[in-house]
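All residue numbers for the sequence shown refer to the numbering used here, where the first residue is 61 and numbers rise by one. We treat Cβ as the ideally placed atom computed from N, Cα and C, and that holds for glycine. Every value quoted in this text rests on a predicted model; they were computed, and no experiment measured them. A quick write-up on the structure given underneath.
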Amino acid sequence: MRFNIKAYLRFLSKSTNQHGVHSPFVYNLVTKCFYNTEKRKAYKSIKSVYKKSDKKPSVRFHTAKLLNRILPYFDIKTALVLEDLSCVLSEIISIENLVLIDYNIQSKNSYDMIYLDLNQLQYHSNIELLLSKTHNDSVIILNSIYESEANTILWKTIKELTEVTVTINTFYLGFVFVRNEQAKEHFTIRA
Numbered sequence: 061m062r063f064n065i066k067a068y069l070r071f072l073s074k075s076t077n078q079h080g081v082h083s084p085f086v087y088n089l090v091t092k093c094f095y096n097t098e099k100r101k102a103y104k105s106i107k108s109v110y111k112k113s114d115k116k117p118s119v120r121f122h123t124a125k126l127l128n129r130i131l132p133y134f135d136i137k138t139a140l141v142l143e144d145l146s147c148v149l150s151e152i153i154s155i156e157n158l159v160l161i162d163y164n165i166q167s168k169n170s171y172d173m174i175y176l177d178l179n180q181l182q183y184h185s186n187i188e189l190l191l192s193k194t195h196n197d198s199v200i201i202l203n204s205i206y207e208s209e210a211n212t213i214l215w216k217t218i219k220e221l222t223e224v225t226v227t228i229n230t231f232y233l234g235f236v237f238v239r240n241e242q243a244k245e246h247f248t249i250r251a
């Protein structure tokens, strides 16, 4: 708990909003998706998923709404979700989104989106295997980047990989992009 508080205070001191972003790709993502305040019908369904769930969902309600908005923003058709199967994330992201969700990394050659809880990374695969399952417009979303010091170190390691060009740290989620046309940049955004 103490690590989380210190990490959050450090995050707040380094983070910015859309005004501190100079990349057009990231600026559009932040303004049109992260900060989109438009009410969606899906939010009521997401709330009901939270209410009926026996187990505490792996993401906060605010974060679940963001994840639900990410899919149409990037026009995601295929997703790889590596999480505890008792979690409700797959149900949340598929509300009002037509997406094929796989749970096995060996199922396809590439995915539009990969969602992974960093706590699960050592059990499922290494990050190089995940990166091999992406294409230029893919997004890798990592949960729990500040849950422990080990996760934070892993997040920093992922940011430094040569294949990774853009990362966005929103404290609760880390977004990783492998965009050939983009210069290497790291952003810390309050979402």
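Here the C-alpha atom of residue 70 lies approximately 20 Å from the C-alpha atom of residue 178.
If you draw a straight line from the Cα of residue 202 to the Cα of residue 234, it is about 5 Å long. Between the C-alpha atoms of residue 218 and residue 157 there is a straight-line separation of about 28 Å. Using a C-beta cut-off of 8 Å, the segment 92-106 makes contact with the segment 126-133, since at least three inter-stretch Cβ pairs fall below that distance. Annotation for residue 85: the continuous alpha helix (DSSP H) segment containing it runs 84-89. Excluding residues up to 5 positions away in sequence, 199, 225 and 226 lie with their Cβ nearer than 7 Å to the Cβ of residue 237 in the same chain. In this structure, DSSP gives residue 160 an extended state, which the three-state scheme calls strand.
For residue 195, the three-state secondary structure derived from DSSP is coil. Fewer than three beta-carbon pairs drawn from the segment 116-127 and the segment 75-85 are found closer than 8 Å, and the two stretches are therefore not classed as touching.
With respect to the 8 Å criterion, residue 140 and residue 162 are classified as neighbours on the basis of their beta carbons. Taken through DSSP and simplified to helix, strand or coil, residue 102 comes out as helix. Residues of the same chain with a CB within less than 6 Å of the CB of residue 133, apart from the 5 flanking positions on each side, are 93 in chain order.
Around the beta carbon of residue 172, a 10 Å sphere encloses 16 or more other beta carbons of the protein chains shown; the residue is thus reported as buried.
Around residue 239, the same chain offers 85, 196, 197, 225 and 226 as residues with beta carbons nearer than 8 Å, after the five sequence neighbours per side are excluded.
Of 152, 116, 165 and 160, the smallest CA-CA separation from residue 142 is found for 165. Taking all protein chains in view, the Cβ of residue 251 is crowded by 16 or more other Cβ atoms within 10 Å, so the residue is classified as buried. According to DSSP, residue 225 shares a beta bridge with no other residue. In the DSSP assignment, residue 234 forms a beta bridge with 202 and 229.
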